[in-house]
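Per my numbering: the sequence shown = residues 21 to 224.
The beta carbon of each residue, even a glycine, is placed where N, CA and C say it ideally should be.
Nothing here was measured: the structure is a model prediction, and the numbers come from that model.
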Amino acid sequence: MAHYNGPKARINRRLGAQIYENTGVLKATGKRNTPPGMARARGRKSVYGESLAEKQKIKYYYGISERQLRKLYSTSKRQKGNTGDNLKVLCERRLDNVIRRAGLCRTRPQARQGIAHHHFLVNGRPTDVASFMVRPGDVISVRKNEKLQEMYKLIWAEIGTPSDLGWMTVNGEELSITVTSLPLPEDFTAPVDKIGLVIEFLAR
């Protein structure tokens, strides 16, 4: 799951949501309103099927494995407050997600690839861990390499940083991201409508 390389439009159609953001994938998704391999319209899902689909959305959207998701669930359960809200915040704090949300990469898989190749520094140190949990005060920057700087500046100029991203600041000229606070549950961007179903599923 963490390294899914299959047809991404198929996943979007199966789950009925825009999990993968590539332009070509979104176009392919819009061609049909039925799950892949089926000629008839979607039937009503059982509670188990709906819970499974919601869980799968998180896994594919953030590119995490079942083991990673259950580890995040265990962490969120030990924290104070609502477990579902805690899980949302943990997902958003992943380094690959932060880089994507800041507009330095087009997709999360692209961000993970850049991290794996040491394109990014965290507080001045290289890291190849896409699941690294950022904290307030952390500074993520692109390594000082002419080709890398040029490539990521072009990407940022094309995408830009969302104006409603209140928990980090982005310097497009310096290609740096400063995490100013922890994200809120409302900052959760995965197309999951019922996080409670995911928690119930993982609690079994």
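- Assignment of I39 by DSSP, reduced to helix, strand and coil, places it in the coil class.
- Residue environment: E86 is assigned as exposed (fewer than 16 neighbouring CB atoms within 10 Å of its CB, all protein chains considered).
- Annotation: the continuous alpha helix (DSSP H) that includes L110 extends over T103 to E112.
- Rounded to the nearest whole angstrom, the CA to CA distance from R145 to V67 is 45 Å.
- Given a length threshold of 3 residues, each whole run of the beta strand (DSSP E) inside the segment 132-167 is given here in chain order: 140-142 and 159-162.
- By the Cβ-count criterion, S183 is exposed, with fewer than 16 other Cβ atoms from all chains shown falling within 10 Å of its own Cβ.
- DSSP, read as helix, strand or coil, puts I197 in strand.
- It is roughly 14 Å from the alpha-carbon of K28 to the alpha-carbon of Q130.
- In terms of Cα proximity to E166, the closest of E194, G83 and S151 is E194.
- One thing to note: V142 has its Cβ within 8 Å of the Cβ of F152.
- Separation of the CB atoms of V109 and V154 is rounded to 11 Å, and the pair is thereby denied contact status at 8 Å.
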